[in-house]
Each structure stands twice: as C-alpha cells, then as structure tokens.
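Residue numbers (this note's numbering), protein chains in the order written: chain A, 1 to 255; chain B, 1 to 247. To start, the structure under review is shown below, and the notes come after it.
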Amino acid sequence: MNRSPMSRPLLLRILLILAFTAALEALCRLGVIDRFTMPPPSRILEDLARLLVTGKLYGAIAKTLSNCAIAFALAVVAGVAAGVVIHKSRLLRQALDPLFATYYAIPVFAFYPLFIIIFGLGDIPQIVIAFMMSVIAMIVNVLNGLDRVPAVLLKTARMARMSPLETALRMTLPSAAPYLLTGAKLALAYAFIGIIGSEFIMSRGGMGFEIAFAYTNFDNAVMYPLIVLILAISVAVNALLGIWEKRILARRGLR
Amino acid sequence: MSGLSAWRGPILLVVGLFVAWELLYLLAGDVALRSPAQTVRFTIELLGRETFWPNLAETAKAFAVALAISIVLGLAIGFALGFHRLSGEVFEPILVAFYSIPKLTLYPIVLLAFGLGMPAKIAFGVIHGFVPIALFTIGAVGNVKPVLIKTGRVLGFGAFDMVTRVLFPAALPEIFTGLRIGFALTLIGTLLGEMFASQRGLGYMLMNAIGLHNVDIIMSVTFMITVFAATVSAILLAVDRRLHRSG
Numbered sequence: 001m002n003r004s005p006m007s008r009p010l011l012l013r014i015l016l017i018l019a020f021t022a023a024l025e026a027l028c029r030l031g032v033i034d035r036f037t038m039p040p041p042s043r044i045l046e047d048l049a050r051l052l053v054t055g056k057l058y059g060a061i062a063k064t065l066s067n068c069a070i071a072f073a074l075a076v077v078a079g080v081a082a083g084v085v086i087h088k089s090r091l092l093r094q095a096l097d098p099l100f101a102t103y104y105a106i107p108v109f110a111f112y113p114l115f116i117i118i119f120g121l122g123d124i125p126q127i128v129i130a131f132m133m134s135v136i137a138m139i140v141n142v143l144n145g146l147d148r149v150p151a152v153l154l155k156t157a158r159m160a161r162m163s164p165l166e167t168a169l170r171m172t173l174p175s176a177a178p179y180l181l182t183g184a185k186l187a188l189a190y191a192f193i194g195i196i197g198s199e200f201i202m203s204r205g206g207m208g209f210e211i212a213f214a215y216t217n218f219d220n221a222v223m224y225p226l227i228v229l230i231l232a233i234s235v236a237v238n239a240l241l242g243i244w245e246k247r248i249l250a251r252r253g254l255r
Numbered sequence: 001m002s003g004l005s006a007w008r009g010p011i012l013l014v015v016g017l018f019v020a021w022e023l024l025y026l027l028a029g030d031v032a033l034r035s036p037a038q039t040v041r042f043t044i045e046l047l048g049r050e051t052f053w054p055n056l057a058e059t060a061k062a063f064a065v066a067l068a069i070s071i072v073l074g075l076a077i078g079f080a081l082g083f084h085r086l087s088g089e090v091f092e093p094i095l096v097a098f099y100s101i102p103k104l105t106l107y108p109i110v111l112l113a114f115g116l117g118m119p120a121k122i123a124f125g126v127i128h129g130f131v132p133i134a135l136f137t138i139g140a141v142g143n144v145k146p147v148l149i150k151t152g153r154v155l156g157f158g159a160f161d162m163v164t165r166v167l168f169p170a171a172l173p174e175i176f177t178g179l180r181i182g183f184a185l186t187l188i189g190t191l192l193g194e195m196f197a198s199q200r201g202l203g204y205m206l207m208n209a210i211g212l213h214n215v216d217i218i219m220s221v222t223f224m225i226t227v228f229a230a231t232v233s234a235i236l237l238a239v240d241r242r243l244h245r246s247g
C-alpha cells in the first residue's frame, strides 16, 4: 500500500483543478466570459462566505439537506431490504432486471404532480420523488454485491453452523460492503437530484427554489454560491464514503 | 434457457406494472392520473395531432446529436485514459466525482452559457451521457489481457490499429455495457434539459403540462418515453448479455 501522504497522480490532479480554476478566473476577469454568465470563482467564494455569514438562506439549506438525508436514509434501508429479497427469488430477478436497465431513462419527475395531489405541496412529494430515484441505484448495487459474495464464505458459514442472521452480519454484509458503498454514493446523488429537481419545478422553499428564483432575477451573487455549495456538499460526502470504501478494501489487502 | 422462460420475466414485469398502474388509478382517481386504457387512447389521439410531431422531432434530433457526441467523446476519453496510465490515474477520480454529482443543479449555468434552446439540451444530454461511457471504456481497456497488447506491439501496430484491431474487439463487452448506460443517461439528460432549458420538445411538453396540470399530456408523454426507453434498453440488454456470454 502506498503510505506517502500525497501520491503523484493526486498531486497532479490538485494542480490541474487549481490551474482550471485559475484559467476560469482569468477568463472572467478579462471579460471573455461576461459577468452576466458567470462571476469569477474568487467572487463566487466571497458571495458564498457572505451568504453563510448572514444566515439568510439557512432555512432553505436546512430544508433541502434534511429532505435529502431522509430520502437517502429511506433509500438505503429499503434498497438493502429489497435487494436481499430480490436476490433470493430468481423469478423476481428476471422480471425486474429489464426495469433496472430502463429506470434511469424515465423522467421520474413526471410523477411529481401526482404526488403533490396525493400528499399536498410540502416536503413529502419531494422526498417520495427523491426516494424513487435513489432506491433503485441502491438495489442494483446490493444485487451486484450479493452476486459476488464468494461461495466459499457461505460454505464456511454453513460449516460453522451460523444462523442466517449471523451469516448475513459476519459474511455477506462485509463481503458486499464495497458495492453497498458504491450504491450509497449514487443513491446520495439521486436523492439530491430528486429533491433539488422537485424544488426547481414546484415548491415553496429550499435550495433548488432559491436557485431558480435567483436565476429568474439574474441574481448570480446568490445562484452561483448555492450551486457551488450543493456540489461541494455532494463531493465531500462522496469523498467520505470513498475513504470508508478504501479502508474496507485495504483491510482485506485488496488495495 | 428455452425461449419461453427467457420471456417469462419481462412479461411478468409488464403485466405487473399495468396491474399496479390500474390499482393506483382506482385508488388516486381522475384528478391525479389516468388509467392505462385512457392513456393509450389519449396517446393515439396525441399522435394524430399535427402540433405533436414538431415536438417529437425536436427531441429526437437533440437526443440523436447528444448521443453521438456522448459516444464519440466517451470512447475517445476512455481509450486515451485507459491507454495512458498516468493520465488515467489523474483523471479517472475526477470523472467518477463528476458522475456522482447532481448535474441537474447545473442547469442554470448551462442555460447561461448556451442560451435557451437546442445547444443547451444537447449539452445537458452530453454531460449526463459521456461519463459512464468513458468510465466503462477505461475499465474495459485496463482489463484487456496484456498478451493481446504485446501481440499487437510485435505486429508493429500503431495507435490506430491498436485501438481498432486489438483493444476495441477485446474490450467490446464491457464498453457495450457503458454504451447501454450512456444511452439511458443521455436520454434522461436531454429530457431534463428540455424540461428546464427549452421551449420545445417532449420534455417541454411535460414541464408545461405539469405547470398547467394537464394530466392527459403528462401521462401520455411519460408513457411514450417509457415505452421507447424500455424497448431500446431491452434490446441493448439482450445484446449486452450475449456479448458477455460469448466473450
């Protein structure tokens, strides 16, 4: 395993991102990209700091993040449960595989008005949409993980007379963990897409609502910082899940 | 697998979905959705309207262009990064990160950069579609057996021959999986682009119908998109499985 704090590709990657940001900064400052299209990156960070200090949008940020968290948590729990059930049944698997292959080409947002009618214009329809989008990513990766549990582990469990619960906790779950984390990463992205997309379409608050509002009012000093904040949060959570994934793999000597 | 049992799953799925749909309709009623029969009837009526066809043509054109760009860009990036190890190590995590950020959030930026219309939706389709194709291609090229590459070197193949005669055939099954996912994501990207960044096309019709609460149009357009996506995905999935079996 590479123990040096910073490997060469990582260093190059950071330099590259810095160079790209600097180039954007230069293009914006020189007026090649006009300020109505995009403010310079340094300006966006300044605006973001100001937004966070004044706390004007804390309500919107809290609303969006808590809805994402609820949808994400529901999707992970339901996804694992559904994945285990589907994995057990060959028929269910055969029936649902084509659905999984098609699912992400279908605009799930089309069902948003339906849920607004059923649940009213509040947080619930957004959470339902986000859940619908993210649970499938979870199920698909749970199935992937369960497919790849080595048969020898299950045999060992049987020889040690482990109960089904013990087998699941001590053999299946650790073995499938990296796939579960991959699923969780995608599920998180889809939870964000579901919540923020619904907020774009129809809502009374949240970061998506504020972004759409700022867009219609040409308010780049709010729009860009909020977009950057959403992207930063999703990249940060992904990176944390990624570190966890690497730990698991490293413990097994796979990386 | 006999012909019949191969069809059992998909048939069960379609029947199950229609039953669930009908039940949901009976529960939620006319104000929320339409029954399967009503949707099919309205879809046929919609297909007879002259105003519908320009929208369909618009979406078809945007999707075709976006898919072509996604494939070319994805394959080019995938082969370049799969071939050149250091570049691969530098760029692959960036692509992975880009794959898992909520790109829908970028729509105002795409709009500001491209303006309202065709280029914006194509761009939206491409930013969704090219990444899985590139990532699967990188993985596929990395998994090609070294002996094949060595053989190519011994035969004195240049970069072009190496890609077209060694890497591509050997990596095809995995690349195809990337193309299959790229197809679905380019489609949703284009449609999302139309919903948020356009004034024509099926996505716009959908968004407009959501705003006006026109349940007939919402149901029919979603139904058509789903049937199209499901049909193509099923074909691609069948080809995918065949390639993986023989490969």
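Every residue, glycine too, gets a C-beta built ideally from N, C-alpha and C.
Item                                                                                                                             : Value
Residues that A:Ala189 contacts on chain B, provided the C-beta gap is smaller than 9 angstroms                                  : Tyr99, Ser100, Ile101, Pro102 and Lys103
Nearest residue (CA-CA) to B:Lys127, options B:Phe63, B:Leu81 and B:Lys145                                                       : The identity of residue 127 of chain B in the sequence shown is Ile, whereas the question assumes Lys. Among B:Phe63, B:Leu81 and B:Lys145, the Cα nearest to that of B:Ile127 belongs to B:Phe63.
Burial state of B:Arg180, where buried means 16 or more other Cβ atoms lie within 10 Å                                           : buried
Beta-carbon proximity check, B:Leu185 vs B:Glu194, cutoff 8 angstroms                                                            : no
Amino acids of chain B, ordered along the chain, whose beta-carbon sits closer than 7 angstroms to that of A:Met223              : Pro108
Closest residue to A:Ala191 among A:Met132, A:Gly59 and A:Val84 (Cα-Cα distance)                                                 : A:Met132
Segment contact, 8 angstroms Cβ cut-off, at least three pairs: the stretch 143-152 of chain B with the stretch 93-102 of chain B : no
Members of the stretch 218-246 of chain A that neighbour chain B once the beta carbon cut-off is set at 7 angstroms              : Met223, Ile227, Ile230, Leu231, Ser234, Val235 and Asn238
Short CB-CB distance (under 8 angstroms) between B:Gly9 and chain A                                                              : yes
Span separating the alpha-carbon of B:Ala113 from that of B:Leu104                                                               : 15 angstroms
Contact list for the stretch 77-97 of chain A against chain B, Cβ threshold 8 angstroms                                          : Leu91, Arg93, Gln94, Ala95, Leu96 and Asp97
Segments assigned alpha helix (DSSP H), at least 4 residues, entirely inside the stretch 36-75 of chain B                        : 36-48
A:Ala95 to B:Ile11 span [Cα, whole Å]                                                                                            : 8 angstroms
Cutoff 8 angstroms: A:Lys63 Cβ touching any chain B Cβ                                                                           : no
Test: B:Met224 CB closer than 8 angstroms to a CB of chain A                                                                     : no
Distance between B:Arg165 and A:Ser198 (C-alpha atoms, nearest Å)                                                                : 47 angstroms
Pairwise C-alpha distance: A:Ala187 and A:Leu65                                                                                  : 14 angstroms
For A:Tyr112 and B:Ile210, believed in contact at Cβ under 8 angstroms, the rounded distance                                     : 7 angstroms
Same chain only: Cβ atoms within 8 angstroms of B:Met1, ignoring 5 sequence neighbours per side                                  : With a pLDDT of 47 at B:Met1, under the threshold of 50, the predicted position of this residue should be treated as unreliable, and no value is reported.
Length at least 4, wholly inside the stretch 71-154 of chain B: the alpha helix (DSSP H) runs in chain order                     : 85-99, 107-114, 118-142 and 146-154
Short CB-CB distance (under 8 angstroms) between B:Ile218 and chain A                                                            : yes
Chain B contact for A:Ala21 (CB, 8 angstroms cutoff)                                                                             : The sequence shown places Thr at residue 21 of chain A, rather than the Ala named in the question. A:Thr21 does not count as touching chain B.
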